[in-house]
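S.K.: This structure is in structure tokens; I'll ask about it shortly.
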Amino acid sequence: NDKYTGSTAGLLNYTKLVDDLAPKNYNLFIHKEGYYPWNKMVEVKNGLVTELFSVTLFSLDIKKVKIAQLPAQKIADFEVNDETIRIINNKKIGTAEIYDFDGQLISNEKFKISTSTELISPDKNKKLYAASNKIWIEYLNDINEEPLKKAEEKEIIAISESPILFLNWLKDSEHVIWFTSGELTVAERDNRGGKRNSVKFYLNINPPIFWDIKNSDLYFFENSKSRRLDGTSTVGIPTEASGEKSILYKINID
């Protein structure tokens, strides 16, 4: 309510207790230079402690970091793990190429395509899915912390005007991340006060996308003027037409 209550002294992981509050609605505002602000209307009830978990401030500026450059190729899907890149060129063939971060081919391996579209939260209490451009959360267990939820309850997190190209959880199980054409959005689950805080980053990237949930790293490939695997040049061919990509980047969302 426009009253300063204290500073985190530069810490982002921080707990603060505000006591002696009269029962009513309070407008909370959290700000840190260089980050998106956070704001919510919260009700304080008589004799009860109102708690806010997983309040996260996201940086205003996310930096794109080059990870590796591979031979130009069409990429159907990929994974990044232990400083290796697993490239799937054609899902029908059933083989993947493994590269290191120096761009050297290490090996080939067979793979199985996962047909599951369920996105279970890291805490195993929630399921995330998209249907008809709507993003839903289904609760698998009772949530006994505010905002309270019952098992099997469902709620819409967002409605997108564009097709949802990528969707997943953040590691805290309290935030959802998704990508539509040119827009990466992160939104909190907590909708108390009728508001769900969210931030948008405008990125000129295309699927496939790999999400390293443990480290909050989003990986994607971009095109470059290069040579195909057969040695012929892609120079003069629009990257959109060739569909070939070679440079792996990541951005960190933490």
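Residue numbers (our numbering): 8 to 261. Just so you know, even glycine gets a beta-carbon here, dropped at the ideal spot from N, CA and C.
1) Check whether the Cβ atoms of L77 and I37 sit closer than 8 angstroms, and answer yes or no.
2) R203 by DSSP, collapsed to three states: which one?
3) What is the rounded straight-line gap between the Cα of T239 and the Cα of Q80?
4) Nearest to A137 by alpha carbon, out of Y209, T187, K252, N213?
5) Taking contact to mean at least 3 C-beta pairs separated by less than 8 angstroms, is the segment 190-199 in contact with the segment 160-172?
6) Among K73, F108, I82, A83, whose alpha-carbon lies nearest the alpha-carbon of D89?
7) Below 8 angstroms, can you find three or more Cβ-Cβ pairs linking the segment 170-182 to the segment 207-226?
8) Can you give me the C-alpha to C-alpha distance between G41 and S66, rounded to a whole angstrom?
9) What whole-angstrom Cβ distance do I82 and F228 have, given they're in contact under 8 angstroms?
10) Go ahead and pull the three-state DSSP assignment for Y43.
11) Report the CB separation of S223 from N259 in whole angstroms; it is logged as a contact under 8 angstroms.
12) Please say whether K257 and V72 have beta carbons closer to each other than 8 angstroms?
13) Under three-state DSSP, which class holds T91?
14) Give me the Cβ distance between V51 and Y33, rounded to the nearest whole Å; I'm assuming they're in contact under 8 angstroms.
15) Taking the alpha carbon of E116 as the reference point, which residue from L155, E145, F85, F208 has its own alpha carbon closest?
16) The beta strand (DSSP E) with K161 in it runs from where to where?
17) What residues are listed by DSSP as bridge partners for V49?
18) Can you give me the Cβ contacts of G101 inside the same chain, cut-off strictly under 7 angstroms, excluding the 5 residues immediately before and after it?
19) Determine, using beta carbons only, whether Y4 and E125 come nearer to each other than 8 angstroms.
20) Apart from the five residues just before and just after N140, which ones in its own chain have a Cβ nearer than 6 angstroms to its Cβ?
21) Taking only the alpha-carbon atoms, compute the straight-line gap between R93 and D149 and give it to the nearest angstrom.
22) Just grab the DSSP bridge partners of S66 for me.
23) To the nearest angstrom, report how far apart G200 and G110 are at their CA atoms.
24) From what residue to what residue does the beta strand (DSSP E) around L112 run?
M.R.: According to the structure shown:
1) Cβ atoms of L77 and I37: not closer than 8 angstroms.
2) Correct three-state label for R203: coil.
3) For T239, the pLDDT reaches just 45, beneath the cut-off of 50, and the residue's location in the model is therefore unreliable, leaving the point undetermined.
4) Cα-wise, what sits closest to A137 is T187.
5) Cβ pair count under 8 angstroms is three or more, so yes.
6) Selected option, being the one with the closest Cα: F108.
7) Verdict: yes, contact present.
8) G41 and S66 have their C-alpha atoms roughly 6 angstroms apart.
9) Yes, I82 and F228 are in contact; Cβ-Cβ is about 6 angstroms, under 8 angstroms.
10) Reduced to three states, the DSSP call for Y43 is coil.
11) Sure, about 6 angstroms apart at Cβ, within 8 angstroms.
12) Note that the C-beta distance between V72 and K257 is below 8 angstroms.
13) Correct three-state label for T91: strand.
14) Confirmed, Cβ separation roughly 6 angstroms.
15) Comparing alpha carbon positions, the residue from L155, E145, F85, F208 closest to E116 is F85.
16) Following the DSSP letters along the chain, one finds K161 inside the beta strand (DSSP E) bounded by residues 161-166.
17) In DSSP, V49 forms a bridge with Y33.
18) K117, F118.
19) Only positions 8 to 261 of the chain appear in this structure, which leaves residue 4 out of reach.
20) The answer, listed in chain order, is S167.
21) So the two alpha carbons sit approximately 37 angstroms from each other.
22) Looking at the DSSP output, S66 bridges to Y42.
23) For G200 and G110, the distance between alpha carbons rounds to 49 angstroms.
24) Here the beta strand (DSSP E) through L112 covers 112-117.
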